[in-house]
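What follows is a single structure, written as structure tokens, with notes after it.
Number of protein chains: 2
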Amino acid sequence: MMAYTYDHPHPAVTVDVVLFTIRDDDLKALLIQRGQEPFEGSWALPGGFVGIGESLRRAAWRELREETGVHAGYIEQLHTFGRPGRDPRERVITVAYLALLPSDRLEPAPASDAKAAKLFSLKNLPDLAFDHANILRRGHERLKEKLDDSVIALQLLPVAFTHSELRRVYELVLGVTLDKRNFRKKISALDVIEATGEEKRAGPHRPAKLYRAKNPHDVPFR
Amino acid sequence: MMAYTYDHPHPAVTVDVVLFTIRDDDLKALLIQRGQEPFEGSWALPGGFVGIGESLRRAAWRELREETGVHAGYIEQLHTFGRPGRDPRERVITVAYLALLPSDRLEPAPASDAKAAKLFSLKNLPDLAFDHANILRRGHERLKEKLDDSVIALQLLPVAFTHSELRRVYELVLGVTLDKRNFRKKISALDVIEATGEEKRAGPHRPAKLYRAKNPHDVPFR
DNA sequence: GCAAAAGTGTTTGAGGTACACCCATGC
DNA sequence: GCATGGGTGTACCTCAAACACTTTTGC
Chain A
12 MMAYTYDHPH PAVTVDVVLF TIRDDDLKAL LIQRGQEPFE GSWALPGGFV GIGESLRRAA
72 WRELREETGV HAGYIEQLHT FGRPGRDPRE RVITVAYLAL LPSDRLEPAP ASDAKAAKLF
132 SLKNLPDLAF DHANILRRGH ERLKEKLDDS VIALQLLPVA FTHSELRRVY ELVLGVTLDK
192 RNFRKKISAL DVIEATGEEK RAGPHRPAKL YRAKNPHDVP FR
Chain B
12 MMAYTYDHPH PAVTVDVVLF TIRDDDLKAL LIQRGQEPFE GSWALPGGFV GIGESLRRAA
72 WRELREETGV HAGYIEQLHT FGRPGRDPRE RVITVAYLAL LPSDRLEPAP ASDAKAAKLF
132 SLKNLPDLAF DHANILRRGH ERLKEKLDDS VIALQLLPVA FTHSELRRVY ELVLGVTLDK
192 RNFRKKISAL DVIEATGEEK RAGPHRPAKL YRAKNPHDVP FR
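Chains A and B, in that order, are what the protein sequence lines are. Residue numbering for the first sequence follows this note's numbering, starting at 12 and increasing by one per position. Residue numbering for the second sequence follows this note's numbering, starting at 12 and increasing by one per position.
Here you go:
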């Protein structure tokens with residue numbers, strides 16, 4: 012067993028990932044069931060220790076992949092949580108990340124030291140380990156803030172999507188209902204999507220036009 | 012000499028503080044001159060290692076005080092910077108804080124392992140150690156963002172201030188000039204300041220009414 | 001009296017909100 | 001033919017931006 016020695020005490024540094032997606036007409040967060048103490052068996056955010064030569068963002072991306080099989084699309088730093096005592100083992104400072112992924116690119120597959128990886132509706136969350144409930148809440152708040160002044164909603168949709176689907180993202184994240192016509196006007200003013208020319212038939216009603224992001228920069232890592 | 016041993020490598024965790032104030036009709040940042048390697052003699056943000064049982068915010072506040080003699084008023088977490096190699100000694104992850112203080116409550120007094128502590132105009136910054144130039148830039152960006160949708164500007168003013176002084180804070184931080192009448196209307200709509208009844212005489216012109224924050228919560232730690 | 005900043009309203013344009021009907025389809 | 005969601009336009013209101021003159025003082 013290797014040992015690492017320092018002349019002053021060092022906290023441990025972890026990353027944790029709040030990943031949101033939309034599935035079954037619901038905003039969901041990806042959680043894992045811990046396979047180790049502390050909090051063995053509890054649900055928690057995917058995350059883990061930062062490698063000593065690894066960037067924080069890369070660690071977040073790696074831990075998410077290792078514990079859930081999910082390759083994050085969009086990912087941004089959220090906040091750093093370091094209250095002494097938040098981890099019963101030792102002083103642990105965690106850098107939280109917010110990640111978004113369209114449901115069609117997400118199939119949880121528990122691995123590493125997770126017993127299970129599952130999507131949970133925000134309306135029906137289990138108790139979470141550590142201070143993860145708080146981190147998740149902050150992730151949701153950040154997502155709401157960003158939705159208003161950016162095209163981040165495209166990160167939660169497949170490559171081609173209908174206007175209704177886009178509007179539904181806003182409604183689910185913000186927890187409101189939006190006027191169809193006003194929403195079209197707003198999106199049109201942003202000038203960030205364009206019709207693909209295709210249509211989507213989905214039931215006994217007029218088919219919906221499909222759209223895509225105009226600027227590939229709005230949908231990185233795709 | 013004590014030694015601290017762990018079974019996997021731990022990065023060091025520091026805090027760094029971007030403190031802004033307004034002095035001599037200019038937006039200034041507080042910097043220290045390093046008294047130790049690495050970057051001995053270089054200018055840098057005040058900051059240092061987080062105590063093993065100390066919260067991040069408290070560490071930021073303490074390091075600022077120890078290195079510059081300044082007791083921060085407003086302080087909020089900015090971002091965490093952890094690129095491997097940003098510190099030549101070892102892996103160091105730093106949690107940056109944004110702090111604001113009215114000039115009348117700030118008298119830099121170098122201490123601890125700083126050779127000097129001084130305010131620098133943002134227009135005339137020296138080269139900075141580590142990635143501190145980048146952190147400082149992010150601090151300024153955050154300050155600009157927050158100015159628009161909060162009453163944070165009050166953190167940069169003395170208890171009583173004139174309308175012109177308040178407007179000048181916005182102008183200096185945002186780097187624009189603002190219309191006197193429109194600005195009054197905007198502030199009035201926010202409903203966060205009230206006249207003290209006093210006036211300020213400052214030269215061969217009509218005296219200006221003095222104002223203060225209505226809600227003490229807008230000026231915490233004062 | 002003159003120089004200097006304080007103080008004060010109105011007009012205009014843009015953007016957000018409220019609101020109702022026809023269209024194309026599957027069954 | 002009917003139920004279902006897709007698609008469209010107008011009126012109103014609020015807020016941001018442009019813009020000029022009078023007031024009070026120190027010298």
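Backbone N, C-alpha and C define an ideal beta-carbon position, used for all residues, glycine too.
For residue 42 of chain B, which residues of its own chain have a beta-carbon under 7 angstroms away from its beta-carbon, when the five flanking residues on both sides are left out?
54, 55, 56, 129, 131
The stretch 64-75 of chain A: which residues have C-beta closer than 8 angstroms to a C-beta of chain B, in chain order?
64, 65, 66, 67
Anyone know if the C-beta pair for residue 107 of chain B and residue 165 of chain B falls short of 8 angstroms?
no
From the DSSP output, in three-state form, read off residue 223 of chain A for me.
strand
Helix, strand or coil, according to DSSP, for residue 90 of chain B in the structure here?
strand
Tell me which residue opens and which closes the alpha helix (DSSP H) that residue 154 of chain A is part of.
143-159
Measuring CA to CA, which of B:71, B:97, B:173, B:168 is closest to residue 144 of chain B?
B:97
Does the Cβ of residue 209 of chain A have 16 or more other Cβ atoms within 10 Å, making it buried, or fewer, making it exposed?
exposed
Go to residue 34 of chain A, then tell me how far its beta strand (DSSP E) extends in each direction, as first and last residue.
23-34
Specify the secondary structure class of residue 188 of chain B as computed by DSSP and reduced to three states.
In the structure shown, residue 188 of chain B adopts coil according to DSSP, grouped into three states.
Mind reading off the beta-carbon distance from residue 75 of chain B to residue 30 of chain B? Whole number of angstroms is fine, and I expect it under 8 angstroms.
7 angstroms
Please report the straight-line C-alpha distance between residue 134 of chain A and residue 46 of chain A, rounded to a whole angstrom.
25 angstroms
Report the three-state DSSP secondary structure of residue 163 of chain A (helix, strand or coil).
helix
For residue 136 of chain B, I'd like the list of residues in its chain whose CB is within less than 6 angstroms of its CB, leaving aside the five on either flank, ordered along the chain.
Excluding five sequence positions before and after residue 136 of chain B, none of the CB atoms of its chain fall closer than 6 angstroms to its own CB.
Quick one: list the residues of chain B neighbouring residue 119 of chain A, beta-carbon separation under 7 angstroms, in chain order.
Residues of chain B passing the Cβ test: none, with the nearest at roughly 27 angstroms.
Cutoff 8 angstroms: residue 9 of chain A Cβ touching any chain B Cβ
Outside the shown range of chain A, which is 12 to 233, sits residue 9 of chain A, and nothing can be said about it.
With DSSP as the reference, label residue 51 of chain A as helix, strand or coil.
coil
What is the rounded straight-line gap between the Cα of residue 119 of chain B and the Cα of residue 217 of chain B?
34 angstroms
When the Cα atoms are used, what is the spatial distance from residue 182 of chain B to residue 83 of chain B?
23 angstroms
Residues from the stretch 88-105 of chain B in contact with chain A, defined by Cβ distance under 7 angstroms:
88, 90, 91, 93, 94, 95, 102, 104
Going along the chain, which unbroken runs of the beta strand (DSSP E) with 3 or more residues stay wholly within the stretch 77-136 of chain A?
85-92, 103-111, 125-132
Less than 8 angstroms separating the beta-carbons of residue 237 of chain A and residue 26 of chain A?
Nothing about residue 237 of chain A can be reported from this structure: the residues present for chain A run from 12 to 233 only.
In whole angstroms, what separates the C-alpha of residue 18 of chain A from that of residue 13 of chain B?
Each residue's Cα considered, the two are about 6 angstroms apart.
Starting from residue 45 of chain B and walking both ways along the beta strand (DSSP E), at which residues does that stretch end?
38-45
Expressed to the nearest angstrom, what Euclidean distance is found between the alpha-carbon atoms of residue 44 of chain A and residue 167 of chain A?
Answer to the nearest angstrom: the Cα atoms are 24 angstroms apart.
Out of B:141, B:21, B:226, B:48, state which residue places its alpha-carbon closest to the alpha-carbon of residue 161 of chain B.
B:226
Taking a contact to mean a Cβ-Cβ separation below 8 angstroms, would you say residue 22 of chain A touches residue 146 of chain B in this structure?
no
Residue 204 of chain B (DSSP reduced to helix, strand or coil):
strand
Under a Cβ-count criterion, where at least 16 other Cβ atoms within 10 Å of its own Cβ denotes burial, should residue 215 of chain A be classed as buried or exposed?
exposed
8 angstroms is my cut-off, CB to CB: does residue 141 of chain B come that close to chain A?
no
Where the beta strand (DSSP E) through residue 64 of chain A begins and ends:
Run containing residue 64 of chain A: none; DSSP gives neither H nor E here.
Counting contacts by CB-CB distance shorter than 8 angstroms, is residue 207 of chain A in contact with chain B?
Not an interface residue.
Rounded C-alpha distance that separates residue 114 of chain B from residue 169 of chain B
8 angstroms
If you measure from the beta carbon of residue 169 of chain B to each beta carbon in chain A, is any gap under 8 angstroms?
no
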